[in-house]
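Heads up, the sequence shown is in the working numbering, so the first residue is -11 and it goes up one at a time.
Think of the CB as a built atom: it goes at the ideal place given N, C-alpha and C, for glycine as much as any other residue.
Here is the structure we will look at, set down as structure tokens.
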Amino acid sequence: MSTLEEIMNMDQSMPYDKSARGRVVFASSPETYTDANGETKQAKSVAIADDKKAVKVVSYDPTQFNKLVEGKTIMLRNFIRRDGYIILT
């Protein structure tokens, strides 16, 4: 299992097959937005932290929102790293 620091220092931004674990230290309410196709969608931003680093995580999957709660430990798998944050789809 990788640390958040190792994940954020990797060169690639494609989906990772490695996993990382962190505790949700902040969770926003889901935000509604309109995509380029005119569809209404939702996103939820959280901050997760391990022993060395805190990272912003954005989820675009409403079925995952109930798992992204402050104080809960989550396992990240098959995610995308982009511009200093992690995307869950």
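In the structure shown, Met63 adopts extended strand secondary structure according to DSSP, grouped into three states. In the pairwise beta carbon analysis, the segment 20 to 33 is classified as not touching the segment 59 to 69: fewer than three pairs are separated by under 8 Å.
When DSSP states are grouped into helix, strand and coil, Leu56 belongs to the coil group. Straight through space, the alpha carbons of Met(-11) and Asp49 are spaced by roughly 24 Å.
Under DSSP, Tyr73 shares a beta bridge with Lys44, Arg70.
Look at Thr(-9) here: in three-state DSSP terms it is coil, with no helix or strand label.
By alpha-carbon distance to Ala42, the top candidate from Glu27, Phe53, Thr51, Val12 is Val12.
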